[in-house]
Each structure stands twice: as structure tokens, then as C-alpha cells.
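Just below is one structure, and these are the notes that go with it.
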Amino acid sequence: MSIDFNVTAPWSGICDVTVDGQAMVKIPKFYVKYGLGPSGSKREGKSIRWVSDHKKEGFHVHPAFLKDGVEIPYFLIGKYEAYNAGSSKAGSAVGQSPWVNVTTAAAISACAARNTGTGDQAGWHLQTIYEVAARQILMLLEYGTPDMQTKIGNGNVSSSGAVATGGTNAKWRGICEAWGNVWEQVDGCKGNGTTLQVFDNKGNRTYVDTGLIPPASGYPKDTYTNTGANYDLSDLFIPSTVDATASNGSFSDYFWGPVSGFACYYGGNWVNGTQYGAFCLDFGNALSSTDSSVGFRLAKYPTVS
Amino acid sequence: MADENTTTYVPEKSEWTEGVRMITTADAVVGGVDGPPNKAYAALANRTVYLKDLCVKLAASIPGTEEFEKIYAEIANLDVTKLDGRVDHLERLTGNIMLSLQAANMSPTGYDSMMTETFDNAEEIDQTIATVTSVVSGDDSIDVSSASGIVIGNHYQLTDGEAQEEVQVKSINIAGTTNRVILESPVVNQYAAGKAKLYRSSVAIYNGRAYGGGSIKTDTWEPKKSFSGATTAQDVTTTTNYTSTAGFEVDGATVEAGKIILGAAAFGIAMVSQGSTAGVWQKVDENGDDLA
Chain A
227 MSIDFNVTAP
237 WSGICDVTVD
247 GQAMVKIPKF
257 YVKYGLGPSG
267 SKREGKSIRW
277 VSDHKKEGFH
287 VHPAFLKDGV
297 EIPYFLIGKY
307 EAYNAGSSKA
317 GSAVGQSPWV
327 NVTTAAAISA
337 CAARNTGTGD
347 QAGWHLQTIY
357 EVAARQILML
367 LEYGTPDMQT
377 KIGNGNVSSS
387 GAVATGGTNA
397 KWRGICEAWG
407 NVWEQVDGCK
417 GNGTTLQVFD
427 NKGNRTYVDT
437 GLIPPASGYP
447 KDTYTNTGAN
457 YDLSDLFIPS
467 TVDATASNGS
477 FSDYFWGPVS
487 GFACYYGGNW
497 VNGTQYGAFC
507 LDFGNALSST
517 DSSVGFRLAK
527 YPTVS
Chain B
48 MADENTTTYV
58 PEKSEWTEGV
68 RMITTADAVV
78 GGVDGPPNKA
88 YAALANRTVY
98 LKDLCVKLAA
108 SIPGTEEFEK
118 IYAEIANLDV
128 TKLDGRVDHL
138 ERLTGNIMLS
148 LQAANMSPTG
158 YDSMMTETFD
168 NAEEIDQTIA
178 TVTSVVSGDD
188 SIDVSSASGI
198 VIGNHYQLTD
208 GEAQEEVQVK
218 SINIAGTTNR
228 VILESPVVNQ
238 YAAGKAKLYR
248 SSVAIYNGRA
258 YGGGSIKTDT
268 WEPKKSFSGA
278 TTAQDVTTTT
288 NYTSTAGFEV
298 DGATVEAGKI
308 ILGAAAFGIA
318 MVSQGSTAGV
328 WQKVDENGDD
338 LA
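In order, the protein sequences belong to chains A and B. With the working numbering applied, the first sequence corresponds to residues 227 to 531, in that order. With the working numbering applied, the second sequence corresponds to residues 48 to 339, in that order.
Here it is in C-alpha cells:
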């Protein structure tokens with residue numbers, strides 16, 4: 227059976243929307259299950275990640291669709307990398323210069339600055355590690371490979387600088403500059419020293435300490451599946467083992483290992499070519515760092531009635 | 048006119064003899080059967096008998112003659128019971144085929160419905176009706192108030208006015224007040240107690256006319272309605288006391304926002320092996336088997 231993802235949920239429900247004047251992409255809720263291929267199956271014993279648009283036995287809602295412990299029907303992700311829309315507010319629009327040279331805290335504040343009321347003026351935030359991972363699992367399943375650059379386009383990964391938003395071919399289901407151009411800061415993933423901390427998986431936006439120290443830089447071979455109180459790293463794509471040789475990697479992208487108190491950057495910028503991509507993470511910069519190649523992306527929760 | 052000595056009669060037989068021999072001058076007068084003088088008489092006698100037989104046959108076609116009455120009596124006394132039986136049997140077979148077609152909603156091209164009758168006798172429609180006293184879906188027997196008129200091997204319409212199906216009688220067991228009809232195959236539908244009947248013909252006879260069901264094919268299904276006849280729509284809406292979906296589960300489905308979602312699919316991605324720059328991955332179904 228071949229899947230037509232254009233008519234299959236949740237992919238079929240991904241669409242452009244404009245909220246509070248910002249160009250966003252709606253990602254519908256879905257459920258996930260992780261485990262080994264069942265006995266007697268073709269992929270018996272292999273590590274498998276399943277996705278369903280409805281809750282089924284053994285599945286749980288992906289944490290990107292939990293807010294304060296309550297399931298939300300979707301989240302919105304900026305169609306474009308954030309730009310400075312004035313009044314300290316981050317925006318999402320085509321043809322804008324990405325907002326760079328901000329710390330992670332400043333990026334969080336710029337996104338939250340849109341929360342001036344209720345409804346469309348509430349729920350704005352910096353994209354979280356779970357919202358990144360939700361896109362990653364959907365891309366991985368749709369294309370059957372993590373190598374999105376080969377399947378879709380390299381994006382702006384080998385040039386002399388960032389281009390205006392919407393100007394690259396790294397576009398997945400309406401999300402522009404899905405990789406490359408400028409790094410995107412990510413909330414919900416940081417270092418306590420070099421120990422990995424992630425947001426809890428109930429949508430409370432509180433950090434939990436995993437006790438894990440991510441590997442040094444290299445090409446990821448596999449990702450964490452560790453679980454603990456209020457976290458399940460199978461929901462994410464954080465490298466657990468890496469190799470110095472690209473051909474020994476399994477995700478087609480590079481991983482920059484952690485520094486103390488690391489921030490989480492995603493996707494890559496305009497410099498390092500195919501080391502960047504949809505599964506590229508950089509833990510090599512502190513939360514307080516800024517750089518002209520590091521920007522961020524808006525996200526928004528829907529209003530939960 | 049009879050002679051006293053019939054042994055001297057010229058032998059005669061019923062045939063038309065060609066020519067009557069004439070005695071010539073050379074003929075010697077010799078008696079006997081082959082004697083030339085008697086050959087002429089023999090020829091005339093033959094012709095006379097032949098003409099008489101012909102007259103008798105002609106007389107048989109004239110009403111009032113003895114021969115006519117005799118033949119008429121023979122015809123009237125012929126036993127055609129077996130012939131009737133054969134005709135009836137052929138009509139039953141034809142009727143069964145037509146009933147099967149009707150039950151399958153199959154009609155000749157250009158017709159939107161068909162009436163069927165199963166003749167038992169050539170001059171009347173079999174209007175056998177048996178009241179069913181007990182019928183259970185899945186059982187291959189039904190009890191009727193009387194088995195009178197029910198014929199083994201015949202097909203009947205079993206209906207309570209709501210559901211309907213065609214059944215064929217395999218055997219009939221009568222013991223005391225129980226009249227049990229054994230069917231060739233189990234009953235499929237469920238029938239309202241006390242309302243089911245067996246009908247031999249699907250044609251209703253009243254007001255001197257034959258009527259058949261005709262509007263089934265033009266009926267349309269409406270949500271929350273169930274029907275199996277033209278005018279028997281029934282509400283299937285029911286009310287539950289659930290105030291949330293938490294305690295309401297449906298096998299093979301999920302309940303969301305008051306809707307039952309059937310057959311939600313799940314797809315997976317398996318990491319077949321590490322390495323090769325981008326790893327080896329395979330899309331799989333919910334059971335871990337490969338998808339294209």
C-alpha cells in the first residue's frame with residue numbers, strides 16, 4: 227500500500243493560516259507510539275516510530291499537543307523565520323530579514339511580546355523542542371528518510387549570508403527555510419552544565435533533568451529513547467551516539483556537541499552545506515550567546531476553551 | 048346374406064383389389080379358392096369389405112353414431128393426472144426461479160420491478176399462507192400453526208412485513224400440535240414475534256386483481272431510520288446517559304467530539320540499519336510490515 231500524504235491525516239491537515247497578521251502553518255494533533263517491530267512482522271525487532279491521527283491502543287499524544295496538561299487540537303508554527311516586527315515583537319512574514327543577534331531569552335521575550343490579550347493575542351511563544359520534533363517525525367515518515375535536503379532542496383546552506391524569508395527551496399508543507407539560512411533558537415531544551423534538560427512532556431513548560439550528557443560533535447547514528455519522570459526522549463530526535471565519519475551517520479546531518487549551559491539551535495545556517503538539515507542540532511553555544519547567523523521562529527498555542 | 052355352409056364362402060379381406068378378373072374361353076371351370084371363376088368373386092368381396100371398413104371409420108366422426116360415442120368415451124376416460132403433475136412441476140420450477148430473481152431484486156431489462164406467482168395448478172395462483180408461530184434467526188426450522196398446503200421442495204417468502212427472505216422447504220415434521228418446517232438453509236433475518244408468515248406467492252389477490260410490491264427500489268435511506276419495506280421506516284435513534292467520552296469506548300474506533308471515528312490508520316517508520324550517511328529506513332504499517 228502506498229500512502230498519499232496529501233489526503234492522509236495529519237499531513238493533509240497541515241495548512242497556512244494567518245493569525246494576528248502573522249503567516250503561520252497549522253500542524254494538527256497526532257499520536258505516536260515507539261517500540262520494536264512486532265514478532266513475526268517484516269520489521270521484527272527494529273526500532274519503529276508510529277504516527278496516527280487518532281488515539282489508538284499504545285499510542286500517546288505527541289507532547290507538542292499538550293498545553294498545561296490538556297490536549298490541544300493543533301499548534302501553529304511560523305511559516306517564516308522570525309523578523310523584527312517592531313515594538314519588540316517577533317513577526318512572521320515573507321520577504322523579511324531574519325531577526326538575529328538575540329539571546330535565547332531575548333527570542334523568548336520577542337515571541338511572548340505578541341501576547342497582548344486573549345484569543346489571537348495569546349499563546350505566542352518561541353518554538354519548543356517538541357514542536358521541532360513533531361515536524362521531524364512527520365517529515366521522516368512522509369519521505370522515508372531524514373535526508374530532506376536530497377528530497378526537497380538544500381536550502382540556503384552554502385552562501386555568504388542569510389536571505390530574506392521565503393527565499394529558499396528548503397520548504398516543507400508551507401514552512402519556509404525549514405533548514406538553513408539562519409539557526410533557529412529552540413525553547414525547552416538546554417544544558418544544566420552539559421546535562422540535558424528538556425521541557426516536561428505534559429505541556430507545563432517546566433524543565434526536567436534527564437541526567438544524560440549528549441555526545442560530542444559528530445554525525446548522529448542514533449537518538450535517545452530514554453524515559454523518566456515526565457519525559458520520554460523517544461518523542462524527540464536528540465542524538466545519543468555519533469560518529470566522526472559522515473558515511474557512518476544515520477540522519478544525514480551533523481550534531482554539535484554540548485558546551486556548559488548550552489542553548490539549542492536547530493536547522494543550520496548558510497555556511498556548512500549538507501551538515502545542516504531537518505535533523506541538525508547545535509548544542510555548542512551558551513544560552514547567553516548571540517550571533518548574526520542565529521535567529522528564531524514564532525509558534526502559537528490555540529486558545530483552549 | 049349368410050349361406051348355411053360358410054365354408055363355401057369366398058375368402059375375403061379388406062383390401063382394394065386392382066381389377067376384377069374376367070373368365071376367358073380358355074378357362075376351365077374349376078372350383079376352389081384358386082379356381083379362376085372364384086377370383087372375380089374374391090376381388091369383389093375384398094372391395095366390399097374394404098368399403099365397409101371405410102364407412103365405419105367415417106361414421107366415427109359423426110356425432111351420434113355408435114363409433115363416435117365409443118371413441119368419445121375412450122377420450123373422456125383417459126387419465127391425464129400424471130400429465131397435470133408434470134405441468135405443475137414445471138410451473139413450480141419456473142415459479143421458484145422467478146421468486147429467486149425477485150428476491151435478488153433482479154428484473155428484466157426495462158422493468159423496475161417484477162411480480163411473481165408460483166402456480167400449483169394451471170388455473171389458479173397458489174395462495175398458501177401459513178402463520179409462523181416460532182422463528183429464530185440462524186435456525187433452520189420454523190414452526191407453523193398448520194402445515195396444510197406447504198409442499199416439500201417449494202420455495203416460500205418468509206416475512207413479517209418488515210424483513211423478508213426466501214426459504215425452501217426441506218421437510219415437514221408433525222408431532223402432536225407441533226408443525227415444524229425444516230428449511231434447506233438457516234433463517235437469516237429476525238422477525239417480529241407472532242407476525243411472521245409463509246407465503247407461496249408474492250402476489251396479493253384482492254378486488255379481483257393481483258398486486259405486487261413495487262416501491263422498494265425507489266425508497267431512499269434516511270439517517271437514523273431503518274426500513275426493509277415501503278412503509279415501515281423505524282427510528283433507530285437512542286439516547287445514552289454518558290456525559291463524557293471517557294467511559295464510552297467502541298472497539299476498532301475512537302470517540303472524538305461526539306463522533307465515532309472508525310478505522311483510524313497508523314503508519315510507522317522503522318530504522319532498518321544505521322550508517323550509510325542517512326541510515327536505512329522503511330515505512331511500515333501498524334503491524335510492522337512494509338509499506339510502499
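Backbone N, C-alpha and C define an ideal beta-carbon position, used for all residues, glycine too.
Could you check whether the Cβ of residue i sits closer than 7 Å to any Cβ belonging to chain B?
i               : result
R269 of chain A : yes
S466 of chain A : no
G284 of chain A : no
P372 of chain A : yes
V277 of chain A : yes
A472 of chain A : yes
S460 of chain A : no
I274 of chain A : yes
G475 of chain A : yes
K289 of chain A : Reading off the sequence shown, one finds Pro at residue 289 of chain A, where the question assumed Lys. Not one chain B Cβ lies under 7 Å of P289 of chain A.
S478 of chain A : yes
S314 of chain A : no
L367 of chain A : yes
S228 of chain A : yes
P299 of chain A : no
P264 of chain A : yes
K255 of chain A : no
S518 of chain A : no
K416 of chain A : no
K377 of chain A : no
For residue i, count neighbouring Cβ atoms within 10 angstroms of its own Cβ and tell me buried if that reaches 16, exposed if not.
i               : result
Y480 of chain A : buried
T224 of chain B : exposed
M69 of chain B  : exposed
C102 of chain B : exposed
T206 of chain B : buried
E333 of chain B : buried
Y56 of chain B  : exposed
D246 of chain A : buried
A525 of chain A : buried
Y502 of chain A : buried
T244 of chain A : exposed
M153 of chain B : exposed
K104 of chain B : exposed
If you check the beta carbons only, do residue i and residue j fall under 7 Å apart?
i               : j               : result
Y356 of chain A : A308 of chain A : no
L507 of chain A : I316 of chain B : no
I303 of chain A : D413 of chain A : no
Y306 of chain A : C402 of chain A : yes
C337 of chain A : A359 of chain A : no
P264 of chain A : G326 of chain B : no
V497 of chain A : V408 of chain A : no
V183 of chain B : N226 of chain B : no
A404 of chain A : P324 of chain A : no
S318 of chain A : Q423 of chain A : no
Tell me, to the nearest whole angstrom, how far the beta carbon of residue i is from that of residue j; I am working on the premise that it is less than 8 Å.
i               : j               : result
L462 of chain A : N452 of chain A : That belief does not hold up - the Cβ atoms of L462 of chain A and N452 of chain A are roughly 10 Å apart, past 8 Å.
I253 of chain A : R361 of chain A : 7 Å
V585 of chain A : G494 of chain A : This structure cannot speak to residue 585 of chain A, because chain A is shown only from 227 to 531.
G417 of chain A : T436 of chain A : About 11 Å; that fails the 8 Å criterion.
W276 of chain A : V258 of chain A : 6 Å
Taking 7 Å as the CB-CB limit, is residue i close to chain A?
i               : result
D187 of chain B : no
E213 of chain B : no
D135 of chain B : no
I316 of chain B : yes
G326 of chain B : yes
Excluding five sequence neighbours on each side, which residues of the same chain lie with their C-beta closer than 8 Å to the C-beta of residue i?
i               : result
N168 of chain B : Its pLDDT being 43, under 50, N168 of chain B is placed unreliably in this model, and the value from its coordinates should be taken loosely. The residues are D131, D135.
S147 of chain B : H202, E213
K117 of chain B : A107
T467 of chain A : P441, P446, K447, D448
D242 of chain A : A249, M250, V251, K252, K305, G400
Near residue i, which residues of its chain fall below 6 Å by C-beta distance, leaving aside the five closest residues on each side in sequence?
i               : result
D279 of chain A : A235, P236, F256
S442 of chain A : Checking the displayed sequence, the identity of residue 442 of chain A turns out to be Ala instead of Ser. Closer than 6 Å at the Cβ level, and outside the excluded window around A442 of chain A, lie G483.
G510 of chain A : W482, V485
T342 of chain A : none
A92 of chain B  : V57, E59
A311 of chain A : G317
Once you ignore the five residues that flank residue i on each side, which residues in its own chain have a CB closer than 7 Å to its CB?
i               : result
N430 of chain A : D294, G295
T533 of chain A : In the structure as shown, chain A starts at 227 and stops at 531, and residue 533 of chain A therefore has no counterpart that could be examined.
Q321 of chain B : none
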